[in-house]
Structures are given as C-alpha cells and as structure tokens.
Amino acid sequence: MKPTQPTPIGVRDRELWERAMRVIPWGTQTNAKRRPDELADVMPSFLCRGEGCRVWDADGRVYLDYGCSLGPIILGHGHPAVIQAVNRQLKDGVLFSMASPLEVEVAEMIQKMVPCAERVRFLKTGADANAACVRLARAVTGRDLIIATGYHGWPDSFMTDQPGVPEAVRALTVRCPFGDADSVAQAFEKFPGRIAAVLTVPYHWMGEPSKDYLKTLRELTRQQGALLIFDEVLTGFRLAQGGAQEYFGVTPDLASVAKAFANGFPLSAFVGVKEVMEEGLRKTIVTTTYAGETLSLAAARATLETMRFEPVHSHLWRMGEKLMKGLAAILREKKVPATVKGLPPHFHVVFESGDPGKDRLLELRLIRELMQRGIFCVNRWMLSYSHRDQEIEETLAVAEEAVDKL
Numbered sequence: 041m042k043p044t045q046p047t048p049i050g051v052r053d054r055e056l057w058e059r060a061m062r063v064i065p066w067g068t069q070t071n072a073k074r075r076p077d078e079l080a081d082v083m084p085s086f087l088c089r090g091e092g093c094r095v096w097d098a099d100g101r102v103y104l105d106y107g108c109s110l111g112p113i114i115l116g117h118g119h120p121a122v123i124q125a126v127n128r129q130l131k132d133g134v135l136f137s138m139a140s141p142l143e144v145e146v147a148e149m150i151q152k153m154v155p156c157a158e159r160v161r162f163l164k165t166g167a168d169a170n171a172a173c174v175r176l177a178r179a180v181t182g183r184d185l186i187i188a189t190g191y192h193g194w195p196d197s198f199m200t201d202q203p204g205v206p207e208a209v210r211a212l213t214v215r216c217p218f219g220d221a222d223s224v225a226q227a228f229e230k231f232p233g234r235i236a237a238v239l240t241v242p243y244h245w246m247g248e249p250s251k252d253y254l255k256t257l258r259e260l261t262r263q264q265g266a267l268l269i270f271d272e273v274l275t276g277f278r279l280a281q282g283g284a285q286e287y288f289g290v291t292p293d294l295a296s297v298a299k300a301f302a303n304g305f306p307l308s309a310f311v312g313v314k315e316v317m318e319e320g321l322r323k324t325i326v327t328t329t330y331a332g333e334t335l336s337l338a339a340a341r342a343t344l345e346t347m348r349f350e351p352v353h354s355h356l357w358r359m360g361e362k363l364m365k366g367l368a369a370i371l372r373e374k375k376v377p378a379t380v381k382g383l384p385p386h387f388h389v390v391f392e393s394g395d396p397g398k399d400r401l402l403e404l405r406l407i408r409e410l411m412q413r414g415i416f417c418v419n420r421w422m423l424s425y426s427h428r429d430q431e432i433e434e435t436l437a438v439a440e441e442a443v444d445k446l
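My numbering numbers the first residue of the sequence shown as 41 and each following residue consecutively.
This is the structure:
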C-alpha cells in the first residue's frame, strides 16, 4: 500500500464554519461534535454524505468512519434494508393522530431481545429516556434522591455541576464514581430510605468491564428497596442484541436504549420490568408527540431484523478485536506510551506517559495524523457492520504511518 498523503481542511468547510458561527452557538447542535481548536486545520466541521463505513466532507474528501455518528450507525451509513424500509413507510405517512402498528411491532422485537424489557415506551433521545427512567423510579418508590455514576445527558438531574441548575435540584442527585460500589453503599448509609434509584452506565468505555460491580449494585438496590437503572444509550444493541444486560448477565429494573437500534434515525426507548413500568406510568406522565414517528420506527424494525437474522454482533466483535490487536501491536513496536482499552465494538487508545499534558498532546497528534490520512476518529473507536477485513487492514497501514509521526 502506498503511503497516504496528508491533506489540509478544505475551503468549503471553512466557509461553512464561518457562516455557522454567525447563527449557531458552537457552530453545531451537539457538544460532542465540537471540533477541538487544535485540530481546526485538519478535522472537518461538516460531513455531507455517508455510505457503508465511509463519509465525505464538504470538500469531497473521503474518510473511513470510526465515529459512527457518536454511536447510532451500527449497520453502516445508508444500509439498504433500512433505507428501503423508510422509503416504503414515507409513502404511507410520518405521524398520525393515533398510534402506528409499527409501535407494537418494534416494541415486541425489543421485548424479545432485551432482558429487562417486559414493557417498552418510545421517545426520541437518550437523555429523554434517562429522564423518564428517573421519573418512574421516583414515582414507584416515593423517594426523591437518585445516585448517578456517569454522563447521562443534559437534563438538570444529571448535569448537577452546570450553571443554570438550581441548588434544590442539585441536592436531589448523589454523584458516585463509576465502578466504585463502596461509594454507592456509603450513599445508601448516608441517606437511609431516601434513594429511589441507582442510574449507571453498565460499562465505562475508558475502563475495564466489571460484572462484579454491576452485580453488587443489583444486590445493594434490592436490599435498600431502590431500583437499578442501566443507561444503555451506548451499550444497547452494540455489545450484544440484548446490550450490556445480556453481555454481563445482570438485569436492571429499568433501562434506557437509544442510538444503535435505529441505525441513525432519531429514536430511543425506556424499558423495564412489568411491575415498575405499569405502576410508574399509572402514577406519572411521560409523553411526547413525536415518540411514534413512523420513519424512525421503520428504520428500527429493519435494523433489529438485520441483527436477528445476520451475524451483526459477531462481526463487530471480530473486526473490533482485529483492529484493537493491530493498534496495540503498532503502539508497542513503536514504543509509544499508550494502551488500547475497552471492548471490541467500542474502544479507546489511552496514552499513559504519566504526564497528563503530554498525554493530551500525543492524543491530539495521533488524531491529527489519522485525520489527514483519511481516518475519521476522535480516539473513540466504534465499528459498524459495514467495516470489513479490507478496511481494517487499510486502517492499520495508515495507523502505522500516523504513529511514526509521534
């Protein structure tokens, strides 16, 4: 393979960025899509087209995509089965004054795949679904406090360190470090009989997976009369058909799922055991007009059918493992102070020089060298069903060139 030639960001991208900054705060709608200032000359602010595992920027440059739209792209951009399903549904209508049969069909599919999903309700974003789970937990238990152990979206209950969140609301959330079951136990001791639920991501992509941590939370919540909520916005339908619940073998009372199960179309769900879901929704209201929007549901049905009848997850694991091992070998051979951490469907390259400032510079330099050579990655590597052996080998060849530059 010939060495790739580094290329700078294009004129069209810069023009769009200047226009965006005159009308859109941050220049984008999503915090995680903000381009680091240090990468402004090599990282595109806009992507205009996707096909399979590749994306194109505003100037026509093509990239192998390991961002997967922050997680939703599980089958690949423009997957034929999904696009065909959406086009068929578009002829019949997007939204009605009553429920669509698609709501029943997709809910039944999720019920069969996700261990805790005895009942299913749809929303639009992961943050919506997490907020709904917390509302139900408080309604069912009659308690106000929640324990949160990670990032769960922008609502007040989760972003307690942000300006604009009232002190009275901040006091209702107890923050505990992910993976620290002792701190959760201490919170229960500090607030006896007051905690409605523990909300946790079941797996932190920067760390090592721990079934024991989740099992301990399961035991603690049962002992204390609280509910266990899994934030499966990222892990749902990515680690396995049944998400982290299936992979780790721990079943929560409630869970949020989003991102991957509609292959990029805006859809989320809060799911849970029958007693909690039905009692909670008798006592409180969670509702939104667009939850039954049919195009996203059609996309979800096609995505879930593909997962059921094709080896989507075994492929993600095989391709991810090949890429992880290859990157680790390159870093080791070049004596770069970094390790590859995580699970194959979604992992990180973590720099460990002992100097946080140096680690950040190395991370930015690696992203820079990859981006200039047509690999779109912000050091959170996610794969889709469209990534094949050829793309993994191409990526590793480019990565070796990029690491040489460190």
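Using N, Cα and C, we set each Cβ at its ideal position, and we do this for glycine too.
From a predicted model like this one, the values you see are computed outputs, not experimental measurements.
Check your understanding: Looking at C-beta atoms only, is the number of pairs between the region 365–381 and the region 138–147 that lie closer than 8 Å three or more?
Key -> Contact fails between the region 365–381 and the region 138–147, because fewer than three Cβ pairs, one in each stretch, are under 8 Å apart.
Practice item. Specify the secondary structure class of T70 as computed by DSSP and reduced to three states. Key: Taking the first residue of the sequence shown as 1, we reach residue 70 at position 30. The answer is coil: DSSP assigns T70 none of H, G, I, E or B.
Exercise for review: Pull up the CB-CB distance for A227 and I187, whole angstroms please, since I reckon it's below 8 Å.
Suggested key: Within the sequence shown, the letter at position 187 stands for residue 227. Within the sequence shown, the letter at position 147 stands for residue 187. Taking C-beta atoms under 8 Å as the contact rule, A227 and I187 qualify, at a distance of about 5 Å.
Exercise for review: Would you mind giving the Cβ-Cβ distance between T181 and A236, rounded to the nearest angstrom? I have them listed as a contact below 8 Å.
Suggested key: Indexing the sequence shown from 1 puts residue 181 at position 141. Indexing the sequence shown from 1 puts residue 236 at position 196. Confirmed, about 4 Å.
Exercise for review: In angstroms with no decimal places, state the Cα-to-Cα distance between M149 and A221.
Suggested key: Mapped onto the sequence shown, residue 149 falls at position 109. Mapped onto the sequence shown, residue 221 falls at position 181. Straight across, the Cα-Cα distance linking M149 with A221 is about 33 Å.
Exercise for review: Indicate whether the contact test is met: 3 or more Cβ pairs, each with one atom in the region 79–99 and one in the region 257–269, closer than 8 Å.
Suggested key: No, the region 79–99 is not in contact with the region 257–269.
Point to revise | Neighbourhood of G5 by C-beta distance below 6 Å, restricted to the same chain and skipping five residues each side | key: With the chain running from 41 to 446 in the structure shown, residue 5 is simply not present.
Exercise for review: For M411, count neighbouring C-beta atoms within 10 Å of its own C-beta (all shown protein chains included) and say buried if the count is 16 or more, exposed if not.
Suggested key: Here residue 411 refers to the residue found at position 371 when the sequence shown is read from its first residue. Taking a 10 Å sphere around the C-beta of M411, we find 16 or more other C-beta atoms and assign the residue as buried.
Check your understanding: With G50 and R128 assumed to form a contact (beta carbons below 8 Å), what rounded beta-carbon distance in angstroms separates them?
Key -> As a position in the sequence shown, residue 50 is number 10, starting the count at 1. As a position in the sequence shown, residue 128 is number 88, starting the count at 1. That pair is no contact at about 36 Å.
**Study point:** Best match in V316, L402, V238 for proximity to R258 [C-alpha to C-alpha]
**Key:** Residue mapping note: residue 258 aligns to position 218 of the sequence shown, counting from 1. With distances taken between CA atoms, R258 lies nearest to V238 out of V316, L402, V238.
Point to revise | Residue span of the beta strand (DSSP E) that contains D201, given as start and end | key: Here residue 201 corresponds to residue number 161 of the sequence shown, with the count starting at 1. Bounds of any beta strand (DSSP E) do not take in D201, whose DSSP letter is neither H nor E.
Review point. Where DSSP assigns a beta bridge to R159, which residues make up the other side?
Key: Within the sequence shown, the letter at position 119 stands for residue 159. DSSP output for R159 lists G312 as bridge partner(s).
Check your understanding: Are the region 379–387 and the region 275–288 touching, with three or more C-beta to C-beta distances below 8 Å?
Key -> Counting C-beta pairs with one atom in each stretch, the region 379–387 and the region 275–288 have three or more that are closer than 8 Å, which means they touch.
Review point. Can you round the beta-carbon distance between C156 and G312 to whole angstroms, since I take them to be within the 8 Å contact cut?
Key: Translated into the one-based positions of the sequence shown, residue 156 becomes position 116. Translated into the one-based positions of the sequence shown, residue 312 becomes position 272. So it is a contact: roughly 6 Å between Cβ atoms.
Review point. So what does DSSP say about F277, is it helix, strand or coil?
Key: What you label residue 277 is simply residue 237 of the sequence shown in a count that begins at 1. Looking at F277 - three-state DSSP - the assignment turns out to be coil, as it is neither helix nor strand.
Point to revise | Euclidean distance between Cα positions of G360 and E350 | key: Mapped onto the sequence shown, residue 360 falls at position 320. Mapped onto the sequence shown, residue 350 falls at position 310. Linking G360 to E350 through their CA atoms gives a straight-line distance of about 17 Å.
Exercise for review: Report buried or exposed for N303, applying the criterion of at least 16 other Cβ atoms within 10 angstroms of its Cβ.
Suggested key: Stepping through the sequence shown from its first residue, residue 303 is reached at position 263. Here N303 is buried. Its C-beta has 16 or more other C-beta atoms within 10 Å.
Practice item. Answer yes or no: do A177 and D105 have a C-beta to C-beta separation smaller than 9 Å? Key: Taking the sequence shown and counting its residues from 1, one reaches residue 177 at position 137. Taking the sequence shown and counting its residues from 1, one reaches residue 105 at position 65. Going by C-beta atoms, A177 is not nearer than 9 Å to D105.
Point to revise | Run of the beta strand (DSSP E) containing H386, from where it starts to where it stops | key: Numbered from its first residue, the sequence shown carries residue 386 at position 346. Here the beta strand (DSSP E) through H386 covers 386–391.
**Study point:** Sequence-distant residues of its chain with Cβ nearer than 8 Å to R94 (five each side left out)
**Key:** Position 54 of the sequence shown holds residue 94. Residues V102, Y103, L104, D105, H117 of the same chain have their beta carbon placed closer than 8 Å to that of R94, with the five preceding and five following residues left out of the count.
Check your understanding: Would you say the region 327–340 touches the region 160–169, given that touching needs at least three Cβ pairs under 8 Å?
Key -> In short, these stretches touch, since the Cβ pair count reaches three.
**Study point:** Short Cβ contact (9 Å threshold) for V273 with A298
**Key:** Counted from its first residue, the sequence shown places residue 273 at position 233. Counted from its first residue, the sequence shown places residue 298 at position 258. Yes; because the gap between Cβ atoms is below 9 Å, this pair is in contact.
Exercise for review: State the start and end residues of the unbroken alpha helix (DSSP H) segment that holds S354.
Suggested key: The residue you call residue 354 lines up with position 314 of the sequence shown. It spans 352–373 - the alpha helix (DSSP H) in which S354 sits, taken as one unbroken run.
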